């Protein structure tokens with residue numbers, strides 16, 4: 775289904791964003 | 495205990511849910527934090543994905559005949575859109591001040607919102623798919639209700655012709671659904687009930703045939719044959735009702751199974 779693919783894209787993009795944001799914090803912890 | 499009730503939803507949301515949880519922990523442990531990197535590009539990627547989802551979601555709503563999906567899905571789309579706006583705001587604020595605490599909070603809130611909105615949307619869609627399977631189950635139930643008025647071989651042949659494709663479809667879809675579920679007890683219940691339905695259906699047809707033959711011979715035993723046929727149709731109906739009940743379960747309340 776197309777809607778599942780669209781959700782997969784959002785999840786992947788959000789995952790990449792959160793990872794990028796988390797990397798800088800991880801260095802401090 | 496699984497958090498998501500289907501393997502598809504789990505495969506989509508579980509990795510991002512873990513990332514968000516990790517970010518929240520990191521944020522709490524390093525309250526002052528390092529300078530945030532420029533998040534413009536990844537936020538833009540999320541925004542683009544959201545625009546696409548909203549487009550696809552609206553098209554799904556328009557083409558669907560499911561009134562509950564039409565009612566529930568728009569709120570999930572709005573939630574995802576609102577979360578994307580929070581991420582955009584956070585990105586802009588971090589450009590000005592990479593140490594901004596409100597921006598970090600917005601970032602986490604936005605990521606959580608995307609997760610929750612996408613989860614709601616997937617749930618809406620999944621529930622709609624389940625309702626389609628339930629409709630097929632109810633069609634079989636309707637046919638089973640007709641079993642007790644079949645009194646000729648011609649009608650029985652027609653009955654079998656009508657019932658068989660529906661039963662095959664239910665069997666295929668429930669089997670597929672059971673494989674999709676992450677909750678083992680639900681999965682096993684569906685498999686067990688479906689197996690019973692598949693075992694009982696040829697026995698029911700046989701009992702209907704015996705009833706018709708006895709009826710033809712004007713034998714007294716026709717009452718007993720009718721009772722046997724009704725019992726089998728009833729057993730099949732009970733199993734289908736149980737399938738319908740389990741198909742609708744999305745929670746993991748173990749007390750229910752005690």
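Chains as they are written, first to last, in my numbering: chain A, 775 to 803; chain B, 495 to 752. Yeah, the Cβ is synthetic: ideal placement off N, Cα and C, and Gly gets one too. The model shown is predicted, which means the values in this text are computed figures rather than measured ones.
Simplified DSSP state of residue i, which is helix, strand or coil
| i | result |
| --- | --- |
| residue 675/B | strand |
| residue 744/B | coil |
| residue 500/B | strand |
| residue 707/B | helix |
| residue 775/A | coil |
| residue 536/B | helix |
| residue 752/B | Annotation note: pLDDT 40 at residue 752/B (below 50); position unreliable, no value reported. |
| residue 714/B | coil |
| residue 560/B | coil |
| residue 529/B | coil |
| residue 633/B | helix |
| residue 646/B | coil |
| residue 803/A | At residue 803/A the pLDDT is 45, less than 50, meaning the model places this residue with poor confidence; the figure from the coordinates comes in the next sentence. The answer is coil: DSSP assigns residue 803/A none of H, G, I, E or B. |
| residue 725/B | helix |
| residue 701/B | helix |
| residue 505/B | helix |
| residue 690/B | helix |
| residue 596/B | helix |
Pairwise C-alpha distance: residue j and residue i
| i | j | result |
| --- | --- | --- |
| residue 654/B | residue 712/B | 24 Å |
| residue 600/B | residue 546/B | 22 Å |
| residue 735/B | residue 499/B | 20 Å |
| residue 586/B | residue 529/B | 14 Å |
| residue 541/B | residue 582/B | 8 Å |
| residue 560/B | residue 633/B | 17 Å |
| residue 558/B | residue 777/A | 13 Å |
| residue 518/B | residue 790/A | 15 Å |
| residue 629/B | residue 635/B | 10 Å |
| residue 752/B | residue 598/B | Caution applies to residue 752/B, whose pLDDT of 40 falls short of 50 and renders its modelled position unreliable; the model cannot decide the point. |
| residue 682/B | residue 675/B | 10 Å |
| residue 726/B | residue 661/B | 15 Å |
| residue 570/B | residue 679/B | 29 Å |
| residue 748/B | residue 516/B | Note that residue 748/B has pLDDT 47, beneath the 50 cutoff, so the model's placement of it is unreliable and no number is given. |
| residue 624/B | residue 656/B | 22 Å |
| residue 803/A | residue 795/A | Any reading at residue 803/A is ruled out, since the residue's pLDDT is 45, under 50, leaving its predicted position unreliable. |
| residue 522/B | residue 793/A | 16 Å |
| residue 508/B | residue 622/B | 22 Å |
Closer than 9 Å to chain A by CB, residue i
| i | result |
| --- | --- |
| residue 640/B | no |
| residue 531/B | yes |
| residue 498/B | no |
| residue 516/B | yes |
| residue 734/B | no |
| residue 502/B | yes |
| residue 744/B | no |
| residue 509/B | yes |
| residue 724/B | no |
| residue 693/B | no |
| residue 696/B | no |
| residue 536/B | yes |
| residue 550/B | yes |
| residue 540/B | yes |
| residue 595/B | no |
| residue 688/B | no |
| residue 627/B | no |
| residue 676/B | no |
| residue 673/B | no |
| residue 711/B | no |
| residue 753/B | Outside the shown range of chain B, which is 495 to 752, sits residue 753/B, and nothing can be said about it. |
| residue 574/B | yes |
| residue 569/B | no |
| residue 547/B | yes |
Other residues of its chain near residue i: CB distance less than 7 Å, five sequence neighbours each side excluded
| i | result |
| --- | --- |
| residue 631/B | 664, 734, 737, 738 |
| residue 684/B | 668, 671, 672, 737, 740 |
| residue 699/B | 654 |
| residue 568/B | 555 |
| residue 716/B | 705, 708, 709 |
| residue 702/B | 641, 644, 650, 723 |
Residues near residue i by beta carbon distance below 6 Å, same chain, minus five either side
| i | result |
| --- | --- |
| residue 719/B | 704, 705, 708 |
| residue 690/B | 733 |
Residue-level contact to chain B via CB, residue i, 9 Å cutoff
| i | result |
| --- | --- |
| residue 802/A | Legend: pLDDT at residue 802/A = 49, less than 50; position of this residue unreliable, value from coordinates given subsequently. Yes, residue 802/A counts as interfacial toward chain B. |
Cβ neighbours of residue i in the same chain (closer than 8 Å, five flanking residues each side left out)
| i | result |
| --- | --- |
| residue 514/B | 602, 605, 606, 609 |
| residue 697/B | 726 |
| residue 556/B | none |
| residue 724/B | 641, 642 |
Residue i Cβ short of 8 Å to the ligand ZN heavy atom set
| i | result |
| --- | --- |
| residue 577/B | Within the structure as shown, the ligand ZN is missing, as the structure has no ligands at all. |
Practice task
Answer yes if the region 590 to 604 of chain B comes into contact with the region 637 to 651 of chain B, meaning at least three C-beta pairs across the two stretches below 8 Å, and no otherwise.
Solution key: As far as the Cβ criterion goes, the region 637 to 651 of chain B does not touch the region 590 to 604 of chain B, which means the pair count is below three.
Exercise for the section: Would you check if the region 598 to 612 of chain B and the region 559 to 578 of chain B touch, i.e. whether three or more CB-CB distances between them fall below 8 Å? Expected result: As far as the Cβ criterion goes, the region 559 to 578 of chain B touches the region 598 to 612 of chain B, which means the pair count is three or higher.
Handout entry: Inter-stretch contact at 8 Å, needing at least 3 Cβ pairs: the region 778 to 785 of chain A / the region 530 to 537 of chain B
Key = Taking a cut-off of 8 Å for Cβ pairs, the region 778 to 785 of chain A and the region 530 to 537 of chain B do not touch, as fewer than three such pairs fall below it.
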